[in-house]
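Reading through the structure tokens given below for one structure.
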Amino acid sequence: MMKRVYFFLGKGGVGKTTSAASLALNLARKGFSVFWASIDPAHNLWDVLGMEWGSGVRRVEGELWAQEVDLESYIRRFLADTTRRMKELYRHLQILNLEGMLDVLRYSPGMEESAVLFALRDLMETHRDKDYLVIDTPPTGLTLRIFSLPFSILLWIDQLKKWREKILERRSIVRTIKGKEALGEGVAQDREGDKVYRELERQEEQARYIAGLLQDGCRVANVLVMNQDRLSFKESCRIRSFLERVAIPLRLILLNKFGLVEGGEIVDEAKVVEAFSPLPVRTLPFVRGDLEREDLVSLGKGWVEELM
1 MMKRVYFFLG
11 KGGVGKTTSA
21 ASLALNLARK
31 GFSVFWASID
41 PAHNLWDVLG
51 MEWGSGVRRV
61 EGELWAQEVD
71 LESYIRRFLA
81 DTTRRMKELY
91 RHLQILNLEG
101 MLDVLRYSPG
111 MEESAVLFAL
121 RDLMETHRDK
131 DYLVIDTPPT
141 GLTLRIFSLP
151 FSILLWIDQL
161 KKWREKILER
171 RSIVRTIKGK
181 EALGEGVAQD
191 REGDKVYREL
201 ERQEEQARYI
211 AGLLQDGCRV
221 ANVLVMNQDR
231 LSFKESCRIR
241 SFLERVAIPL
251 RLILLNKFGL
261 VEGGEIVDEA
271 KVVEAFSPLP
281 VRTLPFVRGD
291 LEREDLVSLG
301 KGWVEELM
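For the sequence shown, position 302 (counting from the first letter as 1) is numbered 302 according to the UniProt record's numbering, and the numbering increases by one without interruption.
Below you can see the structure in the form of structure tokens.
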């Protein structure tokens, strides 16, 4: 049974992947089964591990498994699933050419975020036998849209259910006045018999599960990775502000590449500690050159235990 899901958040280039690798390797070497996935469209998971590129789930060492998630594949699956459900729901309207809409839907706003949520649900279900799931996320903008999506879905569905109830109420009135033949065959008049309402409830349940998971500090640990430069600091402050607004807790701040930035752009450790208090802040030193696997393990000393 899965103990916890870890999300590594932060601006592009701050070292989320190396930090996630450090946690995943340390957990695996402590004897836990771990699945590490990158949902960043610009993957470099295999590069960090010093492995040749490969698709699908691969064993890294011991009970550590990893995957660069193919988001395009999940988008296609999400669209196919959506098309199938729409056909089932609106069969009586004979919507026959939904496949012709797929090219347009692929580039619709929110499609990438929806596919990532679809992928996360699938990954958690597929790898629920692992002890830990480590997720390397995309840069800030996409990640925050992904995290906000289940809450937006819940707001939308709440209104859609109310509108659907009004439609069903009016159908019931028509039936009372004109008889059931007036509505036609297969047209529901109550929530129990209405496929659309049941689908809204299904979508609501899924969104509520993801939203609840993200807000559960026992099941999810969010790690914010930042550097000492001013832009990284400001963006990290915005990430924390957003997470607070949707009641998603942060567990740990990693000040990565410590000592790299010099001069007027530097944000010292004391300022970071003050800005993110009472959250713990841990520093990871800047290491020149390529990091070997043992270097990644060493980077986890002093903070991995805090996340367990």
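Positions of the beta carbon are idealized from the N, C-alpha and C atoms, including for glycine.
Between the Cα of residue i and those of the options, spot the shortest distance and give me the residue it belongs to.
{"i": "GLY15", "options": "LYS130, ASP47, SER33", "result": "ASP47"}
{"i": "LEU254", "options": "SER148, PRO278, ASN227, ALA21", "result": "ASN227"}
{"i": "LYS161", "options": "THR137, GLU192, THR143", "result": "GLU192"}
{"i": "PHE35", "options": "PRO280, LYS87, VAL196, ASP122", "result": "ASP122"}
{"i": "residue 317", "options": "LEU120, GLY12, ALA275", "result": "Residue 317 is absent from the structure shown; the chain starts at 1 and stops at 308."}
{"i": "GLU305", "options": "GLY13, GLY10, LYS30", "result": "LYS30"}
{"i": "ALA275", "options": "PRO285, PHE32, ARG238", "result": "ARG238"}
{"i": "LEU307", "options": "PRO109, TYR132, ARG128, LEU45", "result": "TYR132"}
{"i": "LEU224", "options": "ALA211, LEU144, GLY50, SER298", "result": "LEU144"}
{"i": "SER241", "options": "LEU200, GLY300, SER148, GLY289", "result": "SER148"}
{"i": "GLY10", "options": "ILE177, ASP136, THR83, ASP190", "result": "ASP136"}
{"i": "LEU49", "options": "VAL60, ALA42, ASP40", "result": "VAL60"}
Put residue i into one of helix, strand or coil per three-state DSSP.
{"i": "ILE150", "result": "Inspection of the sequence shows that residue 150 is occupied by Pro rather than by Ile. Of the three classes helix, strand and coil, the one that applies to PRO150 here is helix, per DSSP."}
{"i": "LEU255", "result": "strand"}
{"i": "LEU142", "result": "helix"}
{"i": "VAL220", "result": "strand"}
{"i": "GLY7", "result": "Before going on, a small fix: residue 7 reads as Phe here, not Gly. Note: PHE7 maps to strand in three-state DSSP."}
{"i": "LEU123", "result": "helix"}
{"i": "SER277", "result": "coil"}
{"i": "SER55", "result": "coil"}
{"i": "ILE248", "result": "coil"}
{"i": "ALA188", "result": "coil"}
{"i": "MET86", "result": "helix"}
{"i": "LYS16", "result": "helix"}
Could you tell me which residues DSSP puts in a beta bridge with residue i?
{"i": "SER38", "result": "GLU68, ASP136"}
{"i": "ASP229", "result": "ILE266"}
{"i": "GLU61", "result": "LEU64"}
{"i": "THR283", "result": "LEU255"}
Would you kindly work out how many angstroms separate the C-alpha atoms of residue i and residue j, rounded to a whole number?
{"i": "ALA188", "j": "LYS166", "result": "13 Å"}
{"i": "LEU168", "j": "ARG198", "result": "13 Å"}
{"i": "SER19", "j": "LYS257", "result": "11 Å"}
{"i": "GLY54", "j": "SER73", "result": "15 Å"}
{"i": "residue 372", "j": "GLU204", "result": "The requested residue 372 is not part of the displayed model; the chain covers only 1 to 308."}
{"i": "MET2", "j": "THR17", "result": "21 Å"}
{"i": "LEU71", "j": "GLY56", "result": "12 Å"}
{"i": "ARG219", "j": "ARG208", "result": "15 Å"}
{"i": "SER38", "j": "ARG245", "result": "26 Å"}
{"i": "LEU250", "j": "PHE8", "result": "10 Å"}
{"i": "residue 310", "j": "VAL267", "result": "Outside the displayed range of the chain (1 to 308) lies residue 310, so it cannot be described from this structure."}
{"i": "GLY302", "j": "LEU291", "result": "18 Å"}
{"i": "GLU113", "j": "SER298", "result": "34 Å"}
{"i": "GLU88", "j": "PRO109", "result": "24 Å"}
{"i": "PRO138", "j": "VAL69", "result": "12 Å"}
Establish whether the CB of residue i and some CB of chain C are separated by less than 8 Å.
{"i": "LEU299", "result": "Here there is only one protein chain, and chain C is not present."}
- Task: Count the CB pairs spanning the region 147–161 and the region 24–32 that are closer than 8 Å, and state whether there are at least three.
- Result: no
- Query: Is there contact here, the region 262–276 with the region 226–240, by at least three beta-carbon pairs under 8 Å?
  - Reply: yes
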